[in-house]
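To start, the structure itself, in structure tokens.
In UniProt numbering, the protein residues as written are 1 to 905.
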């Protein structure tokens with residue numbers, strides 16, 4: 001709503017109408033200069049302020065987040081809205097009042113009704129809980145909208161009592177959930193990716209660049225306008241407001257400020273240099289630890305999970321780095337902001353990023369935020385946010401930011417100083433020089449016959465490109481783009497972007513996977529190893545002993561290849577390896593049938609395990625020593641890169657050792673191995689130094705979210721719409737479970753029963769049968785085990801241990817009287833009648849005798865459970881399990897475990 005107030009006639013003030021809530025009737029935005037239009041005051045207080053201070057002339061107040069309030073005055077009167085709403089919301093479910101701070105008049109009334117009204121008279125569940133539980137099932141099992149509407153009508157008309165309040169259609173359910181603020185906006189786009197029909201171009205019918213029509217022409221029915229391309233925008237700022245509306249999550253927004261490392265070990269992103277440099281460069285921003293530091297992540301994926309399909313959708317997500325890493329990477333906390341439509345590769349991503357850039361500008365200016373996790377009186381603060389860096393793979397960096405990742409200048413860190421060349425024989429670009437990253441006085445830089453290319457390296461270490469370096473290079477070149485840049489990114493519109501110490505992160509997930517694939521295919525002979533490769537070695541003047549014979553072009557087998565016998569041994573070893581449960585896939589099923597037995601179908605995680613864990617184990621007797629050592633060092637380097645904890649001294653070590661490692665590999669492996677992915681390894685140490693461990697800033701978190709989004713696809717003709725609908729439902733349920741402590745989903749989305757039990761500590765029994773124990777020895781052993789693992793029996797076991805210690809002391813006293821010494825060696829010579837005959841472990845017979853004796857003496861001392869355990873009641877027939885899940889562990893009997901492909905930790 002909007003209104004205008006005249007300072008000369010405050011009595012003529014007219015409040016915005018209509019009001020349907022008593023709270024909104026009593027409190028209005030005060031437009032005096034002191035309150036700035038950002039605070040609600042009682043009507044009489046507002047009139048007093050207007051009479052005393054006047055009003056803001058022609059000030060239009062909007063409830064939208066798009067118009068941020070100015071920086072608040074220190075003397076501004078603060079009023080806590082929660083105190084006003086307590087009386088009005090006393091009948092609601094616990095926590096629902098915290099949601100109402102950001103819900104407008106008609107939405108507030110609707111949410112009150114849903115949360116406080118029972119489904120029917122005498123029901124134990126509210127309308128809101130019923131809707132969310134049904135939507136949860138809809139998302140899990142992929143029900144269509146029509147079938148869901150049919151189910152609602154059947155439940156409401158045939159199954160539930162008359163007068164029930166269940167919605168009759170899916171449209172009514174969506175309208176109810178839109179009050180949770182989880183709706184999304186739709187913007188049309190040019191089919192050629194020229195422009196977005198947004199803001200000033202919202203009402204245009206044709207693209208002003210290529211002239212293409214905005215809508216599809218259906219022929220007969222011209223009144224129905226179907227857009228040709230649709231961008232779905234999930235506003236970021238409302239999602240950030242929802243964080244502060246949940247006490248448990250909002251309280252952790254400043255978690256990083258008091259959990260930084262003090263022992264020289266990096267564990268979170270706040271321990272990196274980039275975080276500290278941002279604090280030093282913008283101290284006003286760093287003064288409020290709750291200000292959001294956001295990572296923007298993006299990746300394209302095929303929604304159909306069919307390799308032959310070329311359909312590509314690009315979700316753009318935001319990750320709040322303020323939260324603890326184990327919470328920030330969960331799908332519930334990752335914020336989807338855009339769904340960039342397919343079907344083909346996006347030509348200009350900048351036009352689709354425009355809504356996100358506008359929101360990031362608003363976040364940098366700041367606005368008033370209400371944090372319910374703080375004590376009353378300190379809940380309102382001036383909130384700001386900034387983008388710290390972006391997360392993506394190499395193609396994503398090229399598509400979204402216009403930085404070249406292919407060709408001779410395919411390294412975004414080296415830029416124009418990249419040393420690479422195009423091989424005429426291999427028909428690919430090779431990054432053949434790593435001595436450039438070594439110190440000036442290193443021995444590898446000196447020319448030495450038979451090593452490298454027989455030339456000395458005199459170029460200095462290249463400087464890693466920052467956003468400011470790219471900006472300077474762009475301004476220094478007139479009429480064209482600098483080397484390595486495809487276009488000037490839209491992110492430079494952010495006032496702080498060019499001053500970020502590091503803006504784009506190389507993705508360790510894809511880099512490690514690609515390096516592992518290249519190495520595996522190379523040692524198995526699947527990469528090119530023929531006359532072309534040998535001529536390329538000759539052209540680059542490396543490895544003279546592998547050059548082709550000038551007479552008949554013959555050549556010897558490369559020392560990096562496994563022999564046929566070694567291949568069989570390696571593959572048989574891989575098939576026999578047993579990993580811990582959940583650690584990796586069953587690799588023996590990944591080999592194809594036939595003579596070659598190629599390794600196919602592995603996930604990215606499995607390729608990482610192959611390089612980091614398996615290769616160092618299966619090749620101890622293969623290759624020459626130098627090649628083995630190089631592979632071992634590469635494996636250790638990748639393990640260090642993906643560690644959860646990074647010591648500062650290790651960073652200094654690998655800064656020097658990573659270029660040496662690549663130079664060693666370069667001396668023994670062919671140039672076809674050294675593509676851009678191998679080159680990126682030299683820059684990953686710097687990223688860890690600036691941004692901390694990769695566990696909370698890699699593409700793993702995006703891939704996990706993509707799996708969730710793929711599950712939402714039902715309409716194959718419009719997968720983007722299915723994803724948007726499913727995601728809004730999912731976030732609505734997540735939000736309600738956060739605000740309502742008593743609300744619980746019995747079947748959480750995408751979680752199996754085993755996963756639930758692993759988290760809750762409950763026992764999941766698998767393959768059990770009833771068995772009668774007839775062997776007395778086995779029965780006694782089981783009885784002792786139960787007694788020593790039951791809490792109520794602890795006092796009896798402690799009593800046994802006390803009496804045993806007393807008996808030990810008496811035995812030693814008797815020994816001292818006999819031999820006159822306390823030397824323990826004399827205990828071996830002690831006669832049998834003087835030895836301590838107490839067993840080391842409490843026996844069942846002792847427990848039975850003592851508990852029965854005490855029960856006969858005083859029945860109030862012994863509980864019913866203790867007496868049953870002591871007498872062995874109901875313990876002859878027990879249930880025997882072959883396997884079970886309990887407290888995060890999987891237990892199996894030995895006979896069953898031998899047949900498994902994995903073992904339990």
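Note that the Cβ used here is the ideal one computed from N, Cα and C, for glycine as well. In this text the structure is predicted, and so the values were computed from the model without any measurement.
{"query": "Close beta carbons around residue 123, own chain, < 7 Å, minus the five adjacent residues each side", "result": "none"}
{"query": "Helix, strand or coil at residue 488 according to DSSP, with G and I counted as helix", "result": "coil"}
{"query": "Burial state of residue 484, where buried means 16 or more other Cβ atoms lie within 10 Å", "result": "buried"}
{"query": "Inter-residue spacing [alpha-carbon to alpha-carbon] between residue 569 and residue 525", "result": "15 Å"}
{"query": "One or two residues paired with residue 368 in a DSSP bridge", "result": "382"}
{"query": "CB of residue 590 within 8 Å of CB of residue 582, strictly", "result": "no"}
{"query": "Residue range of the unbroken alpha helix (DSSP H) whose run includes residue 616", "result": "615 to 618"}
{"query": "Beta-carbon separation (whole angstroms), residue 167 vs residue 152, contact threshold 8 Å", "result": "6 Å"}
{"query": "Residues of its chain near residue 49, where Cβ-Cβ distance is below 6 Å and the 5 sequence neighbours each way are ignored", "result": "30 and 32"}
{"query": "Straight-line Cα distance separating residue 722 from residue 715", "result": "6 Å"}
{"query": "Which residues DSSP lists as bridging residue 336, in chain order", "result": "317"}
{"query": "Supposed close pair residue 685, residue 651 - CB separation, criterion 8 Å", "result": "6 Å"}
{"query": "Span of the beta strand (DSSP E), counted from its first residue to its last, around residue 189", "result": "185 to 189"}
{"query": "Residue 728 classed as buried or exposed, judged by whether at least 16 other C-beta atoms fall within 10 angstroms", "result": "buried"}
{"query": "Sequence-distant residues of the same chain with beta carbon closer than 6 Å to residue 618, five excluded per side", "result": "570 and 573"}
{"query": "Per DSSP, cross-strand counterpart(s) of residue 206", "result": "213"}
{"query": "Whole-angstrom distance between residue 270 and residue 261, CA atom to CA atom", "result": "9 Å"}
{"query": "Stretch pair the region 365 to 376 + the region 245 to 252: three plus CB contacts closer than 8 Å", "result": "yes"}
{"query": "For residue 135 and residue 733, the rounded distance between their alpha carbons", "result": "8 Å"}
{"query": "Own chain, CB closer than 6 Å to residue 908, minus 5 neighbours either side, in chain order", "result": "The structure shown does not extend to residue 908, since the chain spans only 1 to 905, so no value can be given for it."}
{"query": "Contact under 8 Å by Cβ, residue 607 with residue 518", "result": "no"}
{"query": "Outcome for residue 785 when other beta-carbon atoms lying within 10 angstroms are tallied against a minimum of 16", "result": "exposed"}
{"query": "Distance CB(residue 212)-CB(residue 227) smaller than 8 Å", "result": "no"}
{"query": "Where the alpha helix (DSSP H) containing residue 518 begins and where it ends", "result": "508 to 523"}
{"query": "Exposure of residue 666, with buried meaning 16 or more beta-carbon neighbours within 10 Å", "result": "buried"}
{"query": "Where residue 418 falls, given that 16 or more other Cβ within 10 Å makes a residue buried", "result": "buried"}
{"query": "For residue 75, three-class secondary structure by DSSP", "result": "Residue confidence is low: residue 75 scores 35 on pLDDT, short of 50, so the model does not pin down where it sits. Its coordinate-derived value is still stated next. Note: residue 75 maps to coil in three-state DSSP."}
{"query": "CB-CB length for residue 647 against residue 264, believed under 8 Å", "result": "6 Å"}
{"query": "Contacting residues, own chain, Cβ-Cβ under 8 Å from residue 504 (five flanking each side not counted)", "result": "389, 390, 392, 397, 401, 403 and 412"}
{"query": "Spatial neighbours of residue 682 in its chain, beta-carbon cut-off 7 Å, leaving aside the 5 residues before and after", "result": "434, 437, 658, 659 and 662"}
{"query": "Contact set for residue 901: own chain, Cβ-Cβ below 6 Å, skip 5 residues either direction", "result": "586"}
{"query": "8 Å Cβ cutoff met for residue 719 and residue 313", "result": "yes"}
{"query": "Spatial distance of residue 605 from residue 328 (CA atoms)", "result": "20 Å"}
{"query": "Three-state class that DSSP yields for residue 761 in the structure shown", "result": "Here the model assigns residue 761 a pLDDT of 46, short of 50, so the residue's position is not dependable and the matter cannot be decided."}
{"query": "Secondary structure of residue 423, DSSP reduced to three states", "result": "strand"}
{"query": "Span of the alpha helix (DSSP H), counted from its first residue to its last, around residue 278", "result": "273 to 281"}
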